[in-house]
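To start, the structure itself, in structure tokens.
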Amino acid sequence: MTTTNLSPLVALDVLRPPRARQIRLGAADTAALTRREFLIWLRNPSFIFFTIIQPVMFVLLFRYVFGGAIHVPVPGGYVDFLMPGIIAQSAAFASFATAISLARQLQKGVIDRFRAMPMARSAVLLGRLIADTLRLVVTLLVLLGVGYAVGFRFRNGALPALLMMLLGIALGVAICTISAYVGLAIKDEESVSSFGLVWLFPLSFVSSAFVTVQSMPGWLQAFAKNQPVTIVIDEMRALALGGPLALHGWQSAVWLAGIVAVFVPLAVRAYRRAT
Amino acid sequence: MDSRLQPSTPGIDGPHPGAPPGDERADRALGTRRRSQEWNGPAIYVEDVHKSFGEVQALRGIDLVVERGKVLGVLGPNGAGKTTAVKILTTLLRPDRGRALVEGRDVARSPAAVREIIGLAGQSTAIQEELTGRENLDIMGRLYHLDPVTRRRRADELLDRFDLHDAADRPTKGYSGGMQRRLDLALSLVARPRVVFLDEPTTGLDPRSRLAMWDVIREMVASGTTLLLTTQYLDEADALANEIVVIDRGTVIAAGTSQELKNRIGGDIVEFVVVERGRRAEAVEAVRGLSPVEPLVDADTARVGLRVGADGSQALVETVRRLDALGIHTEGLGIRRPSLDDVFLSLTGHGAEADEEGKQAASRHHDRGGRSRGRDRRAT
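Chains P and R are the protein sequences, given in the same order. So the first sequence is numbered by our numbering: it starts at 1 and just counts up by one. So the second sequence is numbered by our numbering: it starts at 1001 and just counts up by one.
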């Protein structure tokens, strides 16, 4: 080390670029990272398995193996009952990849490297979320196709059908924000993959996704009936098959907005702190 | 400067002072306009920086100065605070106290401006293993807002330079450790940073990849980039750095050129183990005069170490002669260069073992135990 005189050095004043330019560059960063995540997904057979093949297998399993033994009060039979549920369940589960991949990137230091680059701070999380949403759309469309092939039909018109799909996607995005927080808070890929499902399992299975809540024991019903996934699924079912929309509609909206409002700031904070 | 490939343009690490056009272009690409102030101070300036994590004081007042175009080697064991220092300089952590400037930009006050001119590589990796080398470079180019033509040209340049052209279109999953490190360094150079931080760039690499890594680092430095390099290996700092700072437990305990540090350690070391333990004292007595300092004796292993200054081979011959004359049998008689442990022993009186502050790092350290060279645990 040179022993230069350590007299006060005055730091340069740096002007921040104008706001509009920052936003434009931030959007470019987000697009670059979205593209990156999507490329990764396309290259990774196990990701494709989990996001496409596994949900399809679930549809076939419940349609043909368990379905015959499950009786539901729906005119179109079990397949009509099943599809809105399985679309919601798959949307919730798809978010698991978010947690795993954030934890992995954190562990490998990818996120540190991004944070040492001149890019928008929000781009990493936003890019991730957009890529995951796009992936989810693909998954849900494939599921819907398979559902149609095995006998499912929308019984309530085109607009409610579209709304049902959008609600499924909204559920997936909301759960993604929880996953993002879990992944960033746990920071360890292995822990995330072993414990990361602990909250996701009851949330998606102890619901009205595959069976009616009434078929569960009373103590479980209390949870199943009032948890957000059931509420969203009931609304999706009403949209797909017909039925009262209002109550579950606004409950769904409140739940999803609430989840996003709580977990986005938590995830952002965890992202800022994680290093 | 990559004159082979781009004779007329600045090379791989172009925009350093004296290459204003490239610099301006980079600034425009990065979306900043700054006052046309000139910074004439050092490339890296760190003054009394402190950083604690809860109870643990990772840095307890560090001062560093690196002039432009120079290489500073930051040498220290795991848990010494090297990575914390790099994280502060690369804006990943905020200092609790003190000041750190990179090319005149305050890391705490203008982190965005710092990020525009730095590159970081080393322990972390920016590589996405599903993607090819070229795709990884392309993404970096996009994130630095380079246009498609520049991105492609830059990727080609770097792939050539880092000897990765043949593997460019293969997924990086299949790259060797050395190739991954080279690609990772290339990723950090996409935007031609003026100041590069390498955090233990060769840790865990086999000796050949390590030398290849040294080569690319030397080329990068030759083109004028300022480099701060952390390492646990004295020979690495020796091979690459103009000046070396030794840090331990969050403070700078020594600084100087590699020669100055070696002189403090006392140059080469002649070592041997006395087969008949009973004759150890006799052996030590015989060779005592060869070293300006008292021979080091490890009671457990009966290993004797002699600091013999610069003329190691002469001292080795003399050691053999004297021991042979007395008929003392030895094992593992040889000469070696001072290791990090020796630096630490002579500077602090304790070895370069990770202490409690480096618990997490200690597990990594353990993993590499087999590869660490010339390290004898004579401490304690």
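Think of the CB as a built atom: it goes at the ideal place given N, C-alpha and C, for glycine as much as any other residue. This structure is a prediction, so every number in the text was calculated from the model and none was measured.
What residue does the alpha helix (DSSP H) around residue i start on, and which one ends it?
i	result
L1323 of chain R	1312-1326
E1219 of chain R	1207-1222
E190 of chain P	189-195
P202 of chain P	200-205
G1178 of chain R	1177-1188
P276 of chain P	Summary: the structure shown does not reach residue 276 of chain P, with chain P confined to residues 1 through 275, and so no result is reported for it.
P160 of chain P	158-186
Y148 of chain P	123-149
T1150 of chain R	1148-1161
L1164 of chain R	It is not in any alpha helix (DSSP H) - L1164 of chain R carries neither H nor E in the DSSP assignment.
R272 of chain P	246-273
F223 of chain P	218-226
On the DSSP letters alone, give me the boundaries of the beta strand (DSSP E) that residue i sits inside.
i	result
E1047 of chain R	1044-1053
F1386 of chain R	Shown here, chain R extends from 1001 to 1380; a query on residue 1386 of chain R therefore has no answer.
R1307 of chain R	1303-1309
R1097 of chain R	1097-1102
V1270 of chain R	1268-1274
V1056 of chain R	1056-1066
A1255 of chain R	1251-1256
L1333 of chain R	1330-1336
L1227 of chain R	1226-1231
Exposed or buried, which one is residue i when buried takes at least 16 other CB atoms within 10 Å?
i	result
D1147 of chain R	exposed
K1173 of chain R	exposed
R1105 of chain R	buried
F66 of chain P	exposed
D1215 of chain R	exposed
W219 of chain P	exposed
A238 of chain P	buried
V254 of chain P	exposed
F201 of chain P	exposed
M1179 of chain R	buried
R1033 of chain R	Here R1033 of chain R scores only 44 on pLDDT, less than 50, and its place in the model should not be relied on; the value that follows carries that caveat. Under this definition R1033 of chain R is an exposed residue.
E1357 of chain R	Any reading at E1357 of chain R must be qualified, since the residue scores a pLDDT of 40, below 50, and its modelled position is unreliable; the value itself is stated next. E1357 of chain R comes out buried.
F1053 of chain R	exposed
L15 of chain P	exposed
R1218 of chain R	exposed
L1030 of chain R	Legend: pLDDT at L1030 of chain R = 48, less than 50; position of this residue unreliable, no value from coordinates given.
V182 of chain P	buried
A1121 of chain R	buried
M83 of chain P	buried
K1359 of chain R	At K1359 of chain R the pLDDT is 39, less than 50, meaning the model places this residue with poor confidence; the figure from the coordinates comes in the next sentence. Looking at its Cβ environment, which holds fewer than 16 other Cβ atoms inside 10 Å, K1359 of chain R is exposed.
Using the DSSP secondary-structure output, state which residues sit across from residue i in a beta bridge.
i	result
D1298 of chain R	R:R1303
G1119 of chain R	R:V1196
E1243 of chain R	R:L1072
T1132 of chain R	R:P1171
D1248 of chain R	R:T1251
R1105 of chain R	R:V1102
Strictly below 9 Å CB to CB, what residues from chain P border residue i?
i	result
A1043 of chain R	What A1043 of chain R touches in chain P: nothing, since even the nearest Cβ is about 12 Å away.
H1050 of chain R	In chain order: nothing, as chain P lies at least about 16 Å away.
Residue i touches chain P at which residues, Cβ-Cβ below 8 Å?
i	result
A1058 of chain R	Residues of chain P passing the Cβ test: none, with the nearest at roughly 12 Å.
P1171 of chain R	R43
E1135 of chain R	L39
E1130 of chain R	L39, I40, R43, N44
Strictly below 7 Å CB to CB, what residues from chain R border residue i?
i	result
R113 of chain P	L1120, S1124, A1126
Q76 of chain P	Inspection of the sequence shows that residue 76 of chain P is occupied by Gly rather than by Gln. Ordered by position in chain R, no residue passes the 7 Å Cβ test against G76 of chain P, which lies about 41 Å from the chain.
G67 of chain P	Chain R residues near G67 of chain P: none, gap ~37 Å exceeds 7 Å.
V124 of chain P	Result: empty, since nearest Cβ-Cβ is about 10 Å, beyond 7 Å.
V14 of chain P	R1034, R1105, S1110, A1113
L9 of chain P	G1041, Y1045, L1101
P306 of chain P	Given a span of 1 to 275 for chain P in the structure shown, any question on residue 306 of chain P remains unanswerable.
Interface residues of chain P around residue i at Cβ under 7 Å?
i	result
I1139 of chain R	A32, R36
R1181 of chain R	Residues of chain P passing the Cβ test: none, with the nearest at roughly 13 Å.
Note down, in chain order, every chain R residue with its Cβ under 8 Å from the Cβ of residue i.
i	result
L129 of chain P	Correct list: empty, because the minimum Cβ distance to chain R is about 17 Å.
Practice item. Please name the residues in the region 1101-1122 of chain R whose beta-carbon is closer than 7 Å to at least one beta-carbon of chain P, in chain order. Key: L1101, G1104, R1105, D1106, R1109, S1110, A1112, A1113, R1115, E1116, I1118, L1120
Review point. Name the residues in the region 28-60 of chain P whose C-beta lies less than 7 Å from a C-beta of chain R; which are they?
Key: A28, D29, A32, R36, L39, I40, R43, N44
Practice item. Could you name the residues of the region 89-112 of chain P whose beta carbon sits closer than 7 Å to any beta carbon of chain R, in the order they occur along the chain? Key: K108, G109, V110, D112
**Study point:** Positions along the region 1067-1093 of chain R whose CB lies within less than 7 Å of some CB in chain P
**Key:** E1067, K1087, T1090, T1091, L1092, L1093
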